[in-house]
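Order-wise, the sequence lines are chains A and L.
Following the working numbering, the numbering of the first sequence begins with 6 at its first residue and continues without gaps.
Following the working numbering, the numbering of the second sequence begins with 312 at its first residue and continues without gaps.
The beta carbon of each residue, even a glycine, is placed where N, CA and C say it ideally should be.
I have placed the structure first, in the form of structure tokens, so that the comments after it can refer back to it.
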Amino acid sequence: MISLVINGARRSLDLPEDFPLLWALRDILGLMGTKFGCGIAQCGACTVHVDGVAVRACITEVGSVAGSRITTIEAIADTPIGTALQSAWLELDVVQCGYCQAGQIMSAGALLAENPAPDDASIDAAMAGNICRCATYQRIRAAIKLASRQPQADRRHQ
Amino acid sequence: MTTVSRRLFLQIGAGATGALVVGFGWSDTAAADARPMLLGNYVSIGIDGTVTVRAPNPEIGQGVKTSLPMLIAEELDVDWDRVRVEMAPNDPQRFGQQDAGGSMSIHRNYTALRRVGAAARWMLVDAAARQLNASHGEFSTAHGRVHHSSGRSFDYGELAVAASLLRPPDPKSLVLKDPAKFSIIGTSRRGVDSARIVRGEPLFGIDMTIPDMAYAVYVKAPVFGARLLRCELAAARAERGIIDVFTLKGQGDRHGLQDGIAIIASSWWYAQAARAKLEPLWDTAIGVGHDSTRYRDKAHSLLAKPGTMLEEKGDVEAALAQAAQRLTADYEVPFLAHAPLEPQNCTARVKGDSVEIWAPTQTPEEGRQLVARTLGVAPDSVVVHMRRAGGGFGRRLENDYMAEAASIARHAGVPIKLVWSREDDFAHDFYRTASYHRLRAGLDKRGRISAFAAHGVTFAHGSEVAQAAGIEGNGFESSVVPASRLEQSLIPTIVPTGYLRAPVSNGLAFVRECFWDELALAANMDPVAFRLAALSNVGGSGGSFDAARMRAVLEAVALRSNWARPRLAKGQGMGVACYFSHSGYFAEVARVRVDADGHWQVLNVWVAGDIGSQIVNPLAARAQVEGAVMDGIGSMHAEITVVNGAAIQTNFDAFPLLRMPEAPVVDVEFVMSAAAPTGLGEPALPPVLPAVANAIHAACGARVRQLPLTAARIQAARRG
């Protein structure tokens, strides 16, 4: 049995150590917000927080996170940063298809927890691992700035 | 057990022809409970005043689950905040053509769905008129209430029951609103599902769960169309979590079920992991000789010979002979994958002849027909539920995953959720076709284009042009050049091809509009001025191409981008292109930086687009343009390479998509015209590729005529 702390609740799972966290969340625990996109940590759709750090659940073995605090999109609203990001996402109508957005918000949440007012270069660095196939990047950048109470303009190429 | 009474309701909807359909039907709505009364297929109004509007078409990120109900709500005269939107069932008899393709949703529904809203409003007014024994002319509607000139008024909820029992209006009697009075159409409204999405709620196809469901993977041939010769299944069956492993035979339909091995497990991961225990033997001989490099060689031998004439205007050879200057250039674009971020998936339950499907699909009705054919059951016994799709881009116009899931569920005897791996998705796409082009043009003594000849080599399945692979004119050259022609030659292929966002145009715009840049420079003219001059050759509209609309967007984007006096640092350049596709006119300017090592970055893109007289939802419309532009730029870095009948790129590490640091700033301006409103998912994409390539040339002098536009190709072109 593997014991995980997910969104504040302790869960015991009868899974092998090398079972990916992504599929434990989706298939075993029914937490569908964390998405499958590539399986090789290339797209970031499966981003969750492990002890506050953004990790890709598709390549994270459950055995490696036993005892760690795991937070998924379903519980991101429990933090002020999470609600600020969700509000900013809605305010700027970031979502197109929406499939990647949970992962985007999780990466952005980890960024803001570490850096409350990230500049464009910091946003680029923190978000480069998250693909948005609809390419909502312009609005994601602005939403991160809105959530961190900064002017929204992209200043990279001025 | 609930007692269900069948009660009369009125059917009001846009039929397959786009005409208003009014008739009577039966619904299984329970009479005794407080369920809303159905005013029609699209609108239901509860006695508490709740207004529910059904969204007829698949939502794939293009925003139609929001914009189409807006059309109904506008004419219904109800506040948008009061409208609850739900997905319609797949039923073309009641909801018309329910697909997501060709940027057709607004084009097809703009008037039809406004009529639906107007018909529902008329019935509410009629109910009030009967109650007060007054005539329609004495009533007005606003904010979900019917007002009588006496001052008496009714909430729609108070009229819902009475209205639902009335005869629907004669469609011809309906008067639609003056657009100047719109309060919903033309205003920015946020996506109706967005709040649920940012909370991680399970809306997508892949999030579907049904009781007793198992998980499936389906292992197909590594070579397109290869048959399964044999496969030992015992080792996979012995793996942890595995419920069943079995083979299925393909049905010879490229769009349907292929040979493969199904693995059923208690978690998708167990099924995926057990693949490693299979050692299937495939007959891969079919793939021999099908290579990107061989295709290229073959294409160049075909370009040296005449092709099949598709369009011809005037005597091109004579015009070329008389030209003061002649240019020839060869261009090439590669195969591309769609790679929507949500992998193909489908949940299926089969009980006897009864089949239920949940899928993210762009064509639910085609899927239903395919499942019926695949299983040999009547279409009426198949129900397809549309789920929100994590992107489509044309991939989900195909329903192959649906045929697979239905077949697997029937054989397994349990409901299953089939999920493709990303590697499955790259290996079994319906790829944007590669194509190879030779362009020739003549300029007269004053630098005006006098002759244009394009020959494109593309692919065939058997004797037919492969799906979405045909070379086409878009009306531009044939309208503005005195003598022009278009030829096509074909190479047989086994590579499945299909519609990728802005199909055909997404490749041809690069080819044509880069060549126009070459012509402008050869004529020693500014590229915007050169195009405007050519577009002035034709007065008004010719055929479906309207030169005046293209001139207007070109002029707008030149102003907006400060084209005449750009601010450019060292290593930067600006490029322009325009393209007409999917009824939309778009001109775009890109500002690009090229580094000494040939790496390039798009800094800004300015877009001017004309999609008619009305933008339904400006906030979402700008999003479509921003996304299309970045999608086009991203595609300039990617290619699918075919080797021995298989795609060699398997995941995003080898097929890069645009990422945050590469995203430019996109500026969008809509130029309004008198034309009927048309769609926006696609037409903003094609011109960005040539605008960027032309900007790269302006920045560093490298004319790269082949995609992907790599740093190595820029360096090679610089060395010249």
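| Check | Outcome |
| --- | --- |
| Residue range of the unbroken beta strand (DSSP E) whose run includes L:P838 | That residue, L:P838, is in no beta strand (DSSP E); its alpha helix (DSSP H) goes 838–846. |
| Contact between the region 456–470 of chain L and the region 478–494 of chain L (3+ Cβ pairs under 8 Å) | no |
| Enclosing beta strand (DSSP E) for A:C43 [first to last residue] | Unbroken run through A:C43: none, as it is neither H nor E. |
| Top-ranked residue by Cα proximity to L:F787, from L:G781, L:S795, L:A780 | L:S795 |
| Under the three-state DSSP convention, the category L:G886 falls into | strand |
| Contact with chain L by A:T77, beta-carbon distance below 8 Å | yes |
| Inter-residue spacing [alpha-carbon to alpha-carbon] between A:A62 and L:Y353 | 41 Å |
| Short Cβ contact (8 Å threshold) for L:V905 with L:A1010 | yes |
| 8 Å Cβ cutoff met for L:C889 and L:P998 | yes |
| Residue of L:D978, L:D964, L:Q925 minimising C-alpha distance to L:S499 | L:Q925 |
| L:L530 vs L:L544 beta-carbon contact at 8 Å | Contrary to the premise, residue 530 of chain L reads as Val rather than Leu in this sequence. No, they are not a contact pair. |
| 6 Å CB neighbourhood of L:A254 in its chain, flanking five on each side removed | With chain L covering 312 to 1031 only, the question about residue 254 of chain L has no answer from this structure. |
| CA-to-CA distance, L:A399 to L:E993, given in whole angstroms | 24 Å |
| Contact list for A:I33 against chain L, beta-carbon separation under 8 Å | S578 |
| Reference L:H696; option with closest CA among L:A974, L:I356, L:N368, L:H418 | L:N368 |
| Min CB distance L:V927 to chain A below 8 Å | no |
| Residue-level contact to chain L via CB, A:V100, 8 Å cutoff | yes |
| Which of helix, strand or coil DSSP assigns to L:D857 | strand |
| Contacts that L:A931 makes with chain A (C-beta to C-beta distance below 9 Å) | D98, Q101 |
| Contact residues within the region 525–553 of chain L, judged by C-beta distance below 8 Å to chain A | Y526, R551 |
| Endpoints, the beta strand (DSSP E) within which L:A659 is located | 656–662 |
| Within-8 Å CB hit, L:G786 to chain A | no |
| Beta strand (DSSP E) segment containing A:K150, residue limits | Premise fails: A:K150 lies in the alpha helix (DSSP H), 142–152, not in any beta strand (DSSP E). |
| Start-end ranges of the beta strand (DSSP E) lying completely within the region 427–483 of chain L, minimum 3 residues | 450–453, 456–459, 464–466 |
| Candidates L:L379, L:L613, L:R876, L:G516: closest to L:I727 by CA position | L:G516 |
| Residue environment, A:M111, which counts as buried when at least 16 other CB atoms sit within 10 Å | buried |
| Length of the line joining the Cα atoms of A:E66 and L:V806 | 37 Å |
| Contacts of L:L969 in chain A (Cβ-Cβ under 7 Å) | A140 |
| Beta-carbon proximity check, A:R138 vs A:C105, cutoff 8 Å | yes |
| Chain-ordered chain A contacts of L:A411 [CB-CB under 9 Å] | Neighbours of L:A411 on chain A: none; closest Cβ ~11 Å, over 9 Å. |
| Beta-carbon separation (whole angstroms), L:P654 vs L:R751, contact threshold 8 Å | Contact flag wrong, Cβ pair sits at about 43 Å. |
| Local conformation of L:D296 per DSSP, three classes | Nothing about residue 296 of chain L can be reported from this structure: the residues present for chain L run from 312 to 1031 only. |
| Closer than 8 Å to chain L by CB, A:P121 | no |
| Those runs of the beta strand (DSSP E) which lie wholly inside the region 939–1026 of chain L and span at least 3 residues | 976–981 |
| Residues bridged to L:H601 [DSSP beta-bridge criterion] | Paired residue(s): none; L:H601 is not in a bridge. |
| Cutoff 7 Å; reference A:N12; Cβ partners in own chain excluding five residues on either side | T76, T77, E79, A80 |
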